[in-house]
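Those protein sequence lines, which keep their order, are chains A and B.
Just so we're aligned, residue 104 is where the first sequence starts under the working numbering, counting upward by one.
Just so we're aligned, residue 646 is where the second sequence starts under the working numbering, counting upward by one.
We treat Cβ as the ideally placed atom computed from N, Cα and C, and that holds for glycine.
The model shown is predicted, which means the values in this text are computed figures rather than measured ones.
A quick write-up on the structure given underneath.
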Amino acid sequence: MQKNNGFIFWGISLVILVLFVWMIVNLATPSTKPQIINLDINADDIIKGNETAKYTLLEYSDFQCPACATYQPLVKKLNEEFPNDLKIVFRNFPLSEIHANANNAAYAAGAANSQGKFWEMADILFSRQADWSAEEKPQEKFISYAQELNLDLEKFKTDMDSTAVKDKVSKDRISAESNNLNSTPTFFVNGQKITNPSSYNEFKNAIFADQNK
Amino acid sequence: MQFLPIKINKYLLLAILVLALLGLGDAIFLTIKYYVGNINCSLWSGCQEVLKSSYATMFGVPLAIFGVAYYLFILFSALAYLQTNKNIFANILAFVPSFGFLFSLYLIYLQLVVIKYICIYCMLSALSSTLIFILSLIIFWQYKKIPPLS
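If you want it as structure tokens, here you go:
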């Protein structure tokens, strides 16, 4: 009798435990529910690649986010490999709550954009993220990057502080929030959200998925 | 080997069971996030920064798995005590949580001072292991109040 009780006790405990673990696993695995956003490209959006391409990759990004820096070379490679088939759109989603210099970095990229050097500045900001992330006054670093890119420094400084540049960044962030985004980078392919890929090939497949069917 | 003749109040035991289950769920969640988590920065937690940091593993094993093992061990001991009333399990519940607590302190230190990101799920695990530790102190304290028989 005593032995039977033990079996029942451990059996019930095990069943409860398995159910509990199953519940947690379900919670932790990323949802596969598709999220679709209205992909209206605005006149002031920052774009590279072929504007009339069939595929559009929209990225919400934060210059101070290490994960965004990891994806930067992949996005660049996509642009180089598919200059005609892919349009790449960049939108700012500076997570200023956790990244103190994210807004200022976005303003620096915006100021470089006024001189046609957005992507070049983005490359520098991402590749040297560790150099400016902890700075009290990151602007000094940003100005030295602008100098490297042979930008008009006076204009760059004015633009970094201009309402036009700041408004564009906050407009981007509002569009991210209105789509209920809470992390960066978030990628959309033709308006449909994709799970962040773990390799370049996975990225490519996610973008051109319908072509393989 | 001799074990202290510790008796655990059933409410204390129930509380330990609940906390160990909570900690276990949290540690499993973190283990999965370590392996399949989206690589990103998130507004609501610094978990990716913490989980992808070089401090997230020990001997190549993610710390979250140690957490799973720890909470499973506590859970098993509490259940075994509930079922058998044996002193060995009461002793485990009175002493082992101290190690869990010390380890949690180290992990909190890593998050606050070294990595400088706070992962709420890691903090939740630290909280449940701290509470289990406090309960283990109560178990020990109640034992000392009862004078030994011989």
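Own chain, CB closer than 7 Å to Ala701 of chain B, minus 5 neighbours either side, in chain order: Numbered from its first residue, the second sequence carries residue 701 of chain B at position 56. Sequence-distant Cβ neighbours of Ala701 of chain B in its own chain, meaning closer than 7 Å and more than five residues away, are Tyr679, Val695, Pro707, Leu708.
Let's see if you can read the secondary structure: which residues bound the beta strand (DSSP E) around Phe291 of chain A? Numbered from 1 along the first sequence, position 188 holds the residue referred to as residue 291 of chain A. From DSSP, the beta strand (DSSP E) with Phe291 of chain A extends over 289-292.
Endpoints, the alpha helix (DSSP H) within which Asn195 of chain A is located: On the first sequence, position 92 is the one that residue 195 of chain A refers to. Unbroken run through Asn195 of chain A is the beta strand (DSSP E), 189-195; no alpha helix (DSSP H).
Please report the distance separating the alpha-carbon of Leu177 of chain A from that of Cys767 of chain B. Against the first sequence, residue 177 of chain A aligns to sequence position 74. Against the second sequence, residue 767 of chain B aligns to sequence position 122. When rounded, the distance between both Cα atoms is 30 Å.
Bridge partner(s) assigned by DSSP for Cys686 of chain B: Residue numbering aside, residue 686 of chain B sits at position 41 when the second sequence is read from its first letter. Cys686 of chain B pairs with A:Thr287.
Under 9 Å by beta carbon: chain B residues contacting Asn129 of chain A: Position 26 of the first sequence holds residue 129 of chain A. Under the 9 Å cutoff, chain B gives no residues; its nearest Cβ is about 10 Å from Asn129 of chain A.
Return no unless some Cβ of chain B is closer than 8 Å to the Cβ of Met104 of chain A. Here the question's residue 104 of chain A lines up with position 1 in the first sequence. With a pLDDT of 47 at Met104 of chain A, under the threshold of 50, the predicted position of this residue should be treated as unreliable, though the coordinate-derived value follows. So, not an interface residue.
Of all Cβ atoms in chain A, is any one closer than 8 Å to the Cβ of Ser773 of chain B? The count along the second sequence starts at 1 and reaches residue 773 of chain B at position 128. So, not an interface residue.
Can you tell me which of B:Ile661, B:Tyr788, B:Asn736, B:Tyr754 puts its alpha carbon nearest to the alpha carbon of Gln647 of chain B? Here residue 647 of chain B refers to the residue found at position 2 of the second sequence. For the residues B:Ile661, B:Tyr788, B:Asn736, B:Tyr754, the minimum Cα distance to Gln647 of chain B belongs to B:Asn736.
Exposed or buried, Pro650 of chain B, counting other C-beta atoms within 10 Å across all chains shown (16 or more means buried)? Residue numbering aside, residue 650 of chain B sits at position 5 when the second sequence is read from its first letter. Burial call: exposed.
Taking the alpha-carbon of Phe259 of chain A as reference, which of A:Asn293, A:Ile246, A:Thr132 has the nearest alpha-carbon? Here the question's residue 259 of chain A lines up with position 156 in the first sequence. Cα-wise, what sits closest to Phe259 of chain A is A:Ile246.
Quick one: which unbroken beta strand (DSSP E) runs of 3-plus residues sit fully inside the stretch 214-293 of chain A? Chain order, please. If we require 3 residues or more, the beta strand (DSSP E) runs fully inside the stretch 214-293 of chain A come out as 289-292.
Under 8 Å between C-beta atoms, does Ala212 of chain A make it to chain B? Within the first sequence, residue 212 of chain A is the residue found at index 109, counting from 1. Chain B, which has no Cβ nearer than 8 Å to the Cβ of Ala212 of chain A, makes this no.
Closest Cα partner of Glu223 of chain A within the set A:Cys168, A:Gln250, A:Lys240: Taking the first sequence and counting its residues from 1, the one referred to as residue 223 of chain A is at position 120. Comparing Cα positions, the closest option is A:Gln250.
Our contact map puts Leu198 of chain A next to Cys686 of chain B with C-beta atoms below 8 Å; I'd like the distance itself, whole angstroms only. Taking the first sequence and counting its residues from 1, the one referred to as residue 198 of chain A is at position 95. Taking the second sequence and counting its residues from 1, the one referred to as residue 686 of chain B is at position 41. Indeed, because the Cβ distance is near 6 Å, the residues count as touching under 8 Å.
Thr729 of chain B: first and last residue of the uninterrupted alpha helix (DSSP H) it sits in: Taking the second sequence and counting its residues from 1, one reaches residue 729 of chain B at position 84. Its alpha helix (DSSP H) spans residues 708-729.
Shorter than 8 Å from the beta carbon of Asn730 of chain B to some beta carbon of chain A? Sequence index remark: in the second sequence, residue 730 of chain B carries index 85 (1-based). It does not: the Cβ of Asn730 of chain B has no partner Cβ on chain A nearer than 8 Å.
I want to see whether chain D comes within less than 8 Å of Ser278 of chain A, judged by CB atoms only; does it? Note that chain D does not occur in the displayed structure, where the protein chains are A and B.
So Thr159 of chain A is in the beta strand (DSSP E); what residue range does that whole segment cover? As a working mapping, residue 159 of chain A is identified with position 56 in the first sequence. It spans 158-164 - the beta strand (DSSP E) in which Thr159 of chain A sits, taken as one unbroken run.
Residues that DSSP places opposite Met703 of chain B in a beta bridge: On the second sequence, residue 703 of chain B is found 58 positions in, with the first residue counted as 1. Its beta-bridge partners are B:Val706.
Sort out for me which residues DSSP pairs Lys296 of chain A with in a bridge. As a working mapping, residue 296 of chain A is identified with position 193 in the first sequence. The partner list for Lys296 of chain A (beta bridge, DSSP) reads A:Phe291.
Continuous beta strand (DSSP E) stretch holding Ile150 of chain A: start and end: Against the first sequence, residue 150 of chain A aligns to sequence position 47. 149-152 is the span of the beta strand (DSSP E), which, as asked, contains Ile150 of chain A.
Just to confirm my understanding: we take Ala723 of chain B, look at its own chain, exclude 5 residues before and 5 after, and list those with CB closer than 8 Å. What are they? In the second sequence, counting from the first residue as 1, residue 723 of chain B sits at position 78. Counting only Cβ-Cβ distances below 8 Å, and skipping sequence neighbours, we find Leu658, Ile661, Leu662, Ala665, Phe734, Leu738.
From the DSSP output, which residues share a beta bridge with Ile139 of chain A? Numbered from its first residue, the first sequence carries residue 139 of chain A at position 36. Answer is A:Gln295.
Interface partners of Ser687 of chain B on chain A, CB under 7 Å: Looking up residue 687 of chain B in the second sequence gives position 42. Within 7 Å Cβ-Cβ: Asn285, Ser286.
Pull out every residue of the stretch 731-751 of chain B whose Cβ sits closer than 8 Å to any Cβ of chain A, in chain order. none
Report yes or no: is there a C-beta of chain B within less than 8 Å of the C-beta of Thr173 of chain A? Here residue 173 of chain A corresponds to residue number 70 of the first sequence, with the count starting at 1. True, the Cβ-Cβ gap to chain B drops below 8 Å.
Hey, could you find the ends of the alpha helix (DSSP H) Leu750 of chain B is sitting in? Taking the first residue of the second sequence as 1, we reach residue 750 of chain B at position 105. Residues 732-754.
Short of 7 Å Cβ to Cβ, which residues in the stretch 195-223 of chain A face chain B? Leu198, Glu200, Ile201
Within its chain, find whatever has a CB closer than 7 Å to the CB of His202 of chain A; leave out the 5 residues flanking it on each side and keep chain order. By 1-based counting over the first sequence, the position of residue 202 of chain A is 99. Result list for His202 of chain A: Asp165, Gln167, Cys168, in chain order.
Let me see if you follow: with CB-CB separation under 8 Å, is Leu657 of chain B close to chain A or not? On the second sequence, residue 657 of chain B is found 12 positions in, with the first residue counted as 1. For Leu657 of chain B, the answer is no, since every Cβ of chain A falls outside 8 Å of its Cβ.
Using a Cβ cut-off of 7 Å, pull out every chain A residue sitting near Phe674 of chain B, in sequence order please. As a first step, residue 674 of chain B must be located in the second sequence, where it is residue number 29. Per Cβ cutoff of 7 Å: Ile127, Leu130, Ala131.
What does Ala170 of chain A reach in chain B if we use C-beta pairs closer than 8 Å? On the first sequence, position 67 is the one that residue 170 of chain A refers to. Near Ala170 of chain A (Cβ distances below 8 Å), the residues of chain B are Ile684, Asn685, Cys686, Gln693.
Less than 8 Å between CB atoms is the rule here; does Ile677 of chain B satisfy it with respect to chain A? Counting from 1 along the second sequence, the entry for residue 677 of chain B is found at position 32. Closer than 8 Å: yes.
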